[in-house]
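To start, the structure under review is shown below, and the notes come after it.
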Amino acid sequence: MKFKLKKLGKKGFVDDWLYWIPKLIYFNIVVLLVMIMLLMFIRTKIDMGSAETQIYVNRIFYSPTGISYYDEELQRGYPGIIDLQRFNEEILNHSLFFTNPEEQYDTYIAINLSLKYADKKGKDVEAVTYYNKEWYERFVPRIGKKGRGGTKEWTRERDVVVKDDNLLLPGTLTLHIVMPNG
């Protein structure tokens, strides 16, 4: 390769390749920035656990067959009012399966619902029920472990009104949701 010398007037002579140095530096910076931007926007692993748990929480509160108070006369559910007569495992299992009733126990999510409220006499009461209790008891010891054998947990807490017969009492519902990694 033969370089040509260019005359720059009275200042001297410069080879052609010297003109390309700033252009090559600029080109390298642009290529590097484009690669960094592409790597930032490409995600290979998406964690859907939080969205999935929110779907289950919404199903618990908004399902007409769930634990929320449902007025038969108006055909309307009240998501913030928990009916104590419906706050049990059977109702919860029935309201949370999405497809075939025979597949409801093949789910991989487990929930512990803890309802705390003060009864008519002012005494603190705690009612506990489970969705998928067998798997909940299996998943809890593995919370926080990494990899395929571990589980993740989410806790959601809501202030609710507890319907005990004809009384409406303030309370707090805590949902402890556990599901396996991965």
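In terms of the working numbering, the sequence shown has 68 at position 87, counting the first letter as 1, and numbering is strictly consecutive.
Ideal placement from N, C-alpha and C gives every residue a C-beta, glycine not left out.
Please read these numbers as outputs of a predicted model, since none were measured by experiment.
If you look at Asn74, you'll find it in the alpha helix (DSSP H) that goes Glu70 to Leu77.
By DSSP's assignment, Trp135 forms a beta bridge with Ile158. When the beta-carbon positions are compared, Met160 and Ile90 come within less than 8 Å of each other.
Residue range Ala91 to Ala99 is occupied by the beta strand (DSSP E) that includes Lys97.
A direct Cα-Cα distance of roughly 11 Å separates Asp52 from Pro60. Each residue's CA atom was taken as its position, placing Ile124 and Lys133 some 6 Å apart.
The Cβ neighbour count for Asn93, taken over all protein chains shown within 10 Å, is at least 16; the residue is labelled buried.
Excluding five sequence positions before and after Glu138, the CB atoms of its chain that fall closer than 8 Å to its own CB belong to Thr153, Leu154, Thr155 and Leu156, given in chain order.
Assigned with DSSP and collapsed to three states, Gly61 falls in strand.
Contact annotation: Val106 and Tyr98 have beta-carbon atoms nearer than 8 Å. Rounded to whole angstroms, the gap between the alpha carbons of Asp64 and Ser95 is 14 Å.
With respect to Tyr43, Ile158 sits apart: the two C-beta atoms are not nearer than 8 Å.
Here Asn39 has no same chain residue with a Cβ atom under 7 Å from its own Cβ, once five neighbours each way along the sequence are excluded.
By the neighbour-count criterion, in which a residue is buried when 16 or more other Cβ atoms sit within 10 angstroms of its Cβ, Val143 is buried.
Closest in C-alpha terms to Gln56, from the list Ile23, Pro45 and Gln66, comes Pro45. For Thr110, the uninterrupted beta strand (DSSP E) run begins and ends at Asp105 to Tyr112, by DSSP.
Going by beta carbons, Leu77 and Tyr112 fall inside the 8 Å limit.
The beta carbon of Val121 sits closer than 7 Å to the beta carbons of Val159 from its chain, once the five residues preceding and following it are set aside; these are given in chain order.
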